[in-house]
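I have placed the structure first, in the form of structure tokens, so that the comments after it can refer back to it.
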Amino acid sequence: MFIVGFLLGILFVTPLVVLYVLFVRWCDRFEPEPWWLIACAFFWGAIFATVAGGLSSGIAQSIYVSVFDLSPQDADVEAVSATVFAPIFEEGAKGLGVSLIAALALIGMKELDGPLDGAIYGGIVGLGFTLTEDILYVANQFAKEGLGGFVVLLFLRTVVLGLSHCTFTACTGLGFGIAAESRSTAVKFLAPVGGFVCAMAMHAMHNGLPTYFGEGGLVAMILISWGIDLSFFFLLGALVVRDRRILVQELSSEVGHLIHPLELTLVSTYITISFRNWSALLSRGFGAFRLRRKKQLAIVELAFVKSRRRRGEVGADLDRKEAQLRHEIAFANRSGVFIGT
0 MFIVGFLLGI LFVTPLVVLY VLFVRWCDRF EPEPWWLIAC AFFWGAIFAT
50 VAGGLSSGIA QSIYVSVFDL SPQDADVEAV SATVFAPIFE EGAKGLGVSL
100 IAALALIGMK ELDGPLDGAI YGGIVGLGFT LTEDILYVAN QFAKEGLGGF
150 VVLLFLRTVV LGLSHCTFTA CTGLGFGIAA ESRSTAVKFL APVGGFVCAM
200 AMHAMHNGLP TYFGEGGLVA MILISWGIDL SFFFLLGALV VRDRRILVQE
250 LSSEVGHLIH PLELTLVSTY ITISFRNWSA LLSRGFGAFR LRRKKQLAIV
300 ELAFVKSRRR RGEVGADLDR KEAQLRHEIA FANRSGVFIG T
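Quick note on numbering: numbering that gives the first Met the number 0 labels position 27 of the sequence shown as 26, and the sequence is numbered without any gaps.
Printed below as a string of structure tokens:
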């Protein structure tokens with residue numbers, strides 16, 4: 000029965016989680032993260048974080064049981080495991096994935112370079128964890144209570160609370176994103192730690208309320224979780240608006256000699272640029288779409304490179320990157336690539 004439930008879990012959980020992933024990445028309107036790194040973050044959450052978090056929690060529970068001479072089936076043991084061990088070890092395993100993405104900057108791959116990037120990578124790691132955990136939970140429920148129990152738990156975990164792990168680990172990612180932008184040593188240390196503590200606290204609340212307060216705690220947890228989800232959406236929106244402000248500020252000085260005024264207007268739109276690019280794809284083919292998209296991303300990346308310089312970042316790598324982007328944009332201009340329409 001577990002195998003049947005497992006296959007049903009894959010069939011029904013996966014599409015929902017994939018939709019969440021697409022939405023979270025879509026929120027990065029101006030400088031979308033590369034799909035290969037999004038996939039790495041997702042599979043880190045789905046495989047490593049799930050296995051490492053589960054094993055670590057299990058080992059900690061075994062030690063706790065042994066030290067205090069308890070039975071693994073004791074309610075107190077299950078409560079401590081859910082509210083202490085799971086938040087620490089699961090968020091630790093997920094947070095390690097985010098920290099590795101942040102550490103790519105050490106080898107010149109500065110993909111996580113701001114709060115929005117951090118929140119997105121953290122959210123994607125969390126969604127990978129959600130995929131595996133939810134499939135296992137609903138498979139177990141199917142084996143115990145059949146299809147009815149499967150449907151109820153699927154709706155509760157993947158629909159009603161489907162973004163929980165996403166928002167937990169987004170806090171850790173946000174901390175790393177804030178650290179990436181800051182020149183302060185204290186902020187570089189405290190921001191990731193603070194984000195991780197928030198992730199553990201929300202995870203503990205998520206598990207603790209229904210564990211200690213039953214059905215009433217479950218209702219309270221759902222309402223609080225929805226509030227956290229809404230706050231997450233507002234945060235993403237605010238960070239996107241912030242990125243647009245950076246874009247306009249840094250590119251204004253380039254108007255008239257490197258980019259056309261209409262190009263700045265269109266590149267700084269939230270959605271219109273996507274419709275124009277798709278229109279080019281449908282009317283003029285993939286080649287025209289690719290050239291437009293390449294120039295658009297080069298213009299946007301130039302803005303964020305200039306923003307890093309404005310914050311005080313220096314170095315030969317940054318100089319080379321800016322020179323390369325200026326060359327790409329100038330070459331596109333000479334080739335007649337115009338993205339202002």
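C-beta atoms are modelled at their ideal positions from N, C-alpha and C, and glycine is treated no differently.
The DSSP-derived three-state label of I328 is helix.
Taking C-alpha positions only, M199 is separated from T82 by approximately 9 Å.
In this structure, P86 lies away from N276, with their beta-carbon atoms at least 8 Å apart.
I223 has no beta-bridge partner at all, per DSSP. By the Cβ neighbour-count rule, G255 is exposed, with fewer than 16 other Cβ atoms within 10 Å of its own.
In this structure, the straight-line span from the alpha carbon of L222 to that of F232 is close to 16 Å. Per DSSP, I9 is one residue of the alpha helix (DSSP H) stretching across 1-25. Close CB contacts of F29 within its chain, under the 7 Å cut and outside five residues either way in sequence, are with D242, R243, L246, V299 (chain order).
Boundaries of the alpha helix (DSSP H) around S273: 271-283. The straight-line gap separating the alpha-carbon atoms of V124 and G314 is approximately 31 Å.
The secondary-structure analysis by DSSP pairs I258 across a beta bridge with V254. About 6 Å separates the CB atoms of K93 and F128; that is less than 8 Å, so the two are in contact. CA-CA distance, V3 to I338, rounds to 51 Å.
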